[in-house]
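Here the structure comes first, spelled out in structure tokens, and everything after it is commentary.
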Amino acid sequence: ALPRTGPAGLVEDTGDYEAVLDAALALADRGGFPARRRRSEARGRRRGFGIALHLFKSGFNFTETTRLAVAPDGTVELSIGAQSGGQGHATVFAQVAGDRLGIDPARLRVIQGDTDRIASGSGTGASRSLTIGGSSALLAADALIGTGRAMAAQALEAAPGDVTYARGVFAIAGTDRRIGLAALAGLAAQDGEEFAAAAGYRPEHGTSAAGCHLCEVEVDPETGAVALDRYAIAQDAGRIVNPLVVEGQIHGGVATGVGQALLEHAIYEPGSAQLLTGSFMDYALPRAADLPPFALALHEIPSAHNPLGAKGVGEAGSLGAAPAAINAILDALAPLGVTRLDMPATPHRVWRAIRDARAGAGPEPTEAADD
């Protein structure tokens, strides 16, 4: 039962591991695998099915700060320490704050990593930007509403407890007296002040996100070439702010894991320690043509360990991809006697493993520059 504390002291907060596994199996059409395997064998190929499950811990031991400032034209400047490297942070942070404020996220201008505006922040890493940074944006929006309520009470000559807030407007309950965010910012500017608020957030515990990856491959036993044919993922993503961003993060993570499993290899010359794979002509990365369409099921199981209910997904896709791909290859080659395969599973390594198994020899030690 959850929550529970593991041997290392890490707390698993929420999840439904069985539902994640069932969803992945449904997407992968496990029942149709025997027929697909027979079709592959008819063409001289070996087909394998691999599974990998993971429990991803993220979002702890760091502090993030968000500052919101309203301009007289009604735009809101959101400054935060976290910096995007293509993950869609600006879109998601604007959504979090905009939804809390009840305004169009397009009215928010996101500024990342500017120390003139934010004195401290933990930056980006460890899949924590939404769980910690997003939570700080949520709390900053609450703080801005609190500051605005006090300002509106003074402007409308009412007690703060009588002031309500909804969709960018403060009002006195039961009357027609009201004032918007932009007007309050204008009043503050007249006095040489700023309508702004900030909040920091540091979680006591991280989040737990379960995922399941199912991979099918075809292997050419004559050449060792491996082709990914089908791929299914089920992922607990916590509270989902933007499904498109989450899907993109998981798809990119799977591509990263597949690259580790099949292609990427830093090879050094034994005598000189010179890097031999120093360019993308030699160090292979996965391309779109190397990947099958991904079938993805997202499970929205909010975390109990942050106010946003979010869970990290930035690295979740990569965690299950490499073991799922390798397990699929080993399943395909099991009838040939192959029981071990080191990453990356290049055609040469796969072919050599098949050769050794047919010869009745064990796997050869991996050489640094044998590929």
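So the sequence shown is numbered by this note's numbering: it starts at -14 and just counts up by one.
Every residue, glycine too, gets a C-beta built ideally from N, C-alpha and C.
Every value quoted in this text rests on a predicted model; they were computed, and no experiment measured them.
| What separation, rounded to the nearest whole angstrom, lies between the Cα atoms of F279 and A151? | Here residue 279 is taken as the residue at index 294 of the sequence shown, counted from 1. Here residue 151 is taken as the residue at index 166 of the sequence shown, counted from 1. Those two C-alpha atoms are separated by around 40 Å.
Excluding five sequence neighbours on each side, which residues of the same chain lie with their C-beta closer than 6 Å to the C-beta of Q175? Stepping through the sequence shown from its first residue, residue 175 is reached at position 190. Result list for Q175: empty, nothing under 6 Å.
Where the beta strand (DSSP E) containing S43 begins and where it ends: On the sequence shown, position 58 is the one that residue 43 refers to. Per DSSP, S43 belongs to the beta strand (DSSP E) from 31 to 43.
Per DSSP, the bridge partner or partners of F47
Position 62 of the sequence shown, counted from the first residue, corresponds to residue 47. In the DSSP secondary-structure assignment, F47 is not bridged to any residue.
* Report buried or exposed for E3, applying the criterion of at least 16 other Cβ atoms within 10 angstroms of its Cβ. => Start at 1 with the first residue of the sequence shown, and residue 3 comes out as number 18. The residue is exposed, with fewer than 16 neighbouring Cβ atoms inside 10 Å.
Practice item. Verify whether the separation of the beta carbon atoms of L63 and A125 is less than 9 Å. Key: What you label residue 63 is simply residue 78 of the sequence shown in a count that begins at 1. What you label residue 125 is simply residue 140 of the sequence shown in a count that begins at 1. Their beta carbons are under 9 Å apart, which means L63 touches A125 by this criterion.
If A246 sits next to A317, beta carbons under 8 Å apart, how far is it from one beta carbon to the other, in whole angstroms?
In the sequence shown, residue 246 corresponds to position 261, counting from 1. In the sequence shown, residue 317 corresponds to position 332, counting from 1. Contact doesn't hold; Cβ gap of about 13 Å is too wide.
inquiry  = Between the alpha carbons of T100 and E49, how many angstroms are there, rounded?
reply    = Sequence index remark: in the sequence shown, residue 100 carries index 115 (1-based). Sequence index remark: in the sequence shown, residue 49 carries index 64 (1-based). Near 13 Å, if we compare the C-alpha coordinates of E49 and T100.
Practice task
Out of H39, G305, F34, L(-5), point me to the one whose CA is closest to D1's CA.
Solution key: The residue you call residue 1 lines up with position 16 of the sequence shown. When only C-alpha atoms are compared, the closest one is H39.
Check your understanding: Around the C-beta of A354, are 16 or more other C-beta atoms found within 10 angstroms, so that it is buried, or is it exposed?
Key -> Within the sequence shown, numbered from 1, the residue matching residue 354 stands at position 369. Confidence at A354 is low in this model, with a pLDDT of 45, below 50, so its placement is unreliable and the value that follows should be read with caution. Label assigned to A354: exposed.
Backbone secondary structure at T324 - three-state DSSP: For this step, residue 324 is matched to residue 339 along the sequence shown. If DSSP states are grouped into helix, strand and coil, T324 belongs with coil.
Quick one: grab the DSSP three-state call for A353. By 1-based counting over the sequence shown, the position of residue 353 is 368. The predicted position of A353 is uncertain, since its pLDDT is 46 and thus under 50; no value can be drawn from it.
Check: With DSSP run on the structure shown, which of helix, strand or coil describes A222?
Finding: Counting from one through the sequence shown, the residue named residue 222 turns up at place 237. Looking at A222 - three-state DSSP - the assignment turns out to be coil, as it is neither helix nor strand.
**OP:** Sort R24, H198, L141, L93 by Cα distance to H236 and report the nearest one.
**Re:** Against the sequence shown, residue 236 aligns to sequence position 251. When each option's Cα is compared against that of H236, the closest is H198.
Would DSSP call F358 helix, strand or coil?
Nothing can be reported for residue 358, as the shown portion of the chain is limited to -14 through 356.
_Through-space distance from F180 to V55, alpha-carbon basis_ = The residue you call residue 55 lines up with position 70 of the sequence shown. The residue you call residue 180 lines up with position 195 of the sequence shown. Take the alpha-carbon of V55 and the one of F180: they are about 6 Å apart.
Margin query: With a threshold of 6 Å on Cβ separation, who are the neighbours of H290 within its own chain once the five nearest residues in sequence on each side are excluded?
Written below: Along the sequence shown, read from residue 1 onward, the residue named residue 290 stands at position 305. Around H290: D(-2), P188, H190, T192.
Margin query: Please list the terminal residues of the continuous beta strand (DSSP E) segment that includes A195.
Written below: For this step, residue 195 is matched to residue 210 along the sequence shown. Per DSSP, A195 belongs to the beta strand (DSSP E) from 192 to 204.
Review point. Could you give the residue range of the alpha helix (DSSP H) that holds I311?
Key: Working through the sequence shown from its first residue, we reach residue 311 at position 326. Element bounds for I311: 301 to 318.
Query raised in the report: Taking contact to mean at least 3 C-beta pairs separated by less than 8 Å, is the segment 113 to 133 in contact with the segment 60 to 79?
Result: yes
| Host beta strand (DSSP E) of V95 (start-end) | In the sequence shown, the residue the question calls residue 95 occupies position 110. Per DSSP, V95 belongs to the beta strand (DSSP E) from 93 to 97.
**Report entry** Local conformation of R21 per DSSP, three classes
**Finding:** Your numbering for residue 21 matches position 36 in the sequence shown. In the structure shown, R21 sits in a helix (DSSP, three-state: H, G or I).
### Query
Over what stretch of residues does the beta strand (DSSP E) that includes S64 continue unbroken?
As a working note, residue 64 is residue 79 in the sequence shown. 61 to 65 is the extent of the beta strand (DSSP E) around S64.
| CB of G110 within 9 Å of CB of H74, strictly | Taking the first residue of the sequence shown as position 1, residue 110 is located at position 125. Taking the first residue of the sequence shown as position 1, residue 74 is located at position 89. No, these two residues do not count as a Cβ contact at 9 Å.
Practice prompt. Specify, as a first and last residue, the run of the beta strand (DSSP E) that V298 falls within.
Written response: Taking the first residue of the sequence shown as position 1, residue 298 is located at position 313. Here V298 belongs to no beta strand (DSSP E), and DSSP marks it neither H nor E.
Q) Thinking C-alpha only, which one of R52, G131, G108 is nearest Q68? A) What you label residue 68 is simply residue 83 of the sequence shown in a count that begins at 1. Looking at the Cα atoms, G108 is the closest of the given residues.
Point to revise | Under the three-state DSSP convention, the category E3 falls into | key: Locating residue 3 in the sequence shown gives position 18, where the first residue counts as 1. If DSSP states are grouped into helix, strand and coil, E3 belongs with the helices.
**Request:** Out of L321, L283, L270, T241, state which residue places its alpha-carbon closest to the alpha-carbon of G305.
**Result:** Along the sequence shown, read from residue 1 onward, the residue named residue 305 stands at position 320. Of the listed residues, the one whose Cα sits closest to G305 is T241.
Exercise for the section: Sort R272, P206, I339, A274 by Cα distance to R28 and report the nearest one. Expected result: For the purposes of this step, residue 28 is taken as the residue at position 43 of the sequence shown. For the residues R272, P206, I339, A274, the minimum Cα distance to R28 belongs to P206.
By the three-class DSSP mapping on this structure, what secondary structure does R340 have? Along the sequence shown, one-based indexing puts residue 340 at 355. Three-state result, R340: helix.
Q) Given a threshold of 16 other Cβ atoms within 10 Å of its Cβ, counted over all protein chains shown, does R22 qualify as buried or as exposed? A) Residue mapping note: residue 22 aligns to position 37 of the sequence shown, counting from 1. That one is buried.
Every unbroken beta strand (DSSP E) within the segment 87 to 149, with a cutoff of 3 residues, ordered by chain = 93 to 97
Fill in: C-beta atoms of A183 and L53 nearer than 9 Å
Sequence index remark: in the sequence shown, residue 183 carries index 198 (1-based). Sequence index remark: in the sequence shown, residue 53 carries index 68 (1-based). Cβ distance < 9 Å, so A183 and L53 count as in contact.
Here's the rule: buried if 16 or more other CB atoms are within 10 angstroms of the residue's CB, otherwise exposed. What is G16? Position 31 of the sequence shown, counting from 1, holds the residue named residue 16. By the neighbour-count rule (16 or more Cβ atoms within 10 Å), G16 is not buried but exposed.
Close-in-space but distant-in-sequence residues of the same chain around Q234 (CB under 6 Å, 5 per side omitted):
On the sequence shown, position 249 is the one that residue 234 refers to. Same-chain partners within the cutoff: V298, G299.
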